[in-house]
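Just so you know, the sequence shown maps onto residues 10 to 128 in this note's numbering.
We treat Cβ as the ideally placed atom computed from N, Cα and C, and that holds for glycine.
All values derive from a computational prediction rather than experimental measurement.
Presented below is the structure to which this report refers.
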Amino acid sequence: MEKALISIIVPVYNAVDYLHQCLQGIQRQTFRNFEVILVDDGSTDGSAEICDAFCREDKRFRVIHKKNEGVSASRNRGLDEAFGEWVCFIDSDDSILEDYLDNLKSATKLFSVLLASKR
């Protein structure tokens, strides 16, 4: 049985100092069925080029380049593009552990069980 797809939305704005580490952490996930939507919010510091490079090397990554409108607009644009059954947001200056998505998936199963028991 195919595991549910998780869409990871990463708003990016001038995060060149942190972005590479953030995206490598996402790539190393033990849960493998995910897509990454990078929303470059008009970065001027080289972040856009980092996004492009990750998209070239890993087909699970895609980037949307747009004019600067703020983090909320970036998250909403990512939601418009997401295909996943589940969505999570990771900020471009965040670092995540390799089992982050596995833990997220386990939590969603627990939540589903708890919700079903309340009916």
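Asked, Found
"As assigned by DSSP and simplified to three states, the class of Val80", "helix"
"Span of the alpha helix (DSSP H), counted from its first residue to its last, around Glu44", "Unbroken run through Glu44 is the beta strand (DSSP E), 43 to 49; no alpha helix (DSSP H)."
"Three-way DSSP call (helix, strand, coil) for Ser104 in this model", "coil"
"For Ser16, the residue or residues it bridges with in DSSP", "Glu44, Val96"
"Same chain, Cβ closer than 7 Å to Leu14, neighbours up to 5 away in sequence not counted", "Asn42, Phe43, Glu44, Phe92, Gly93, Glu94"
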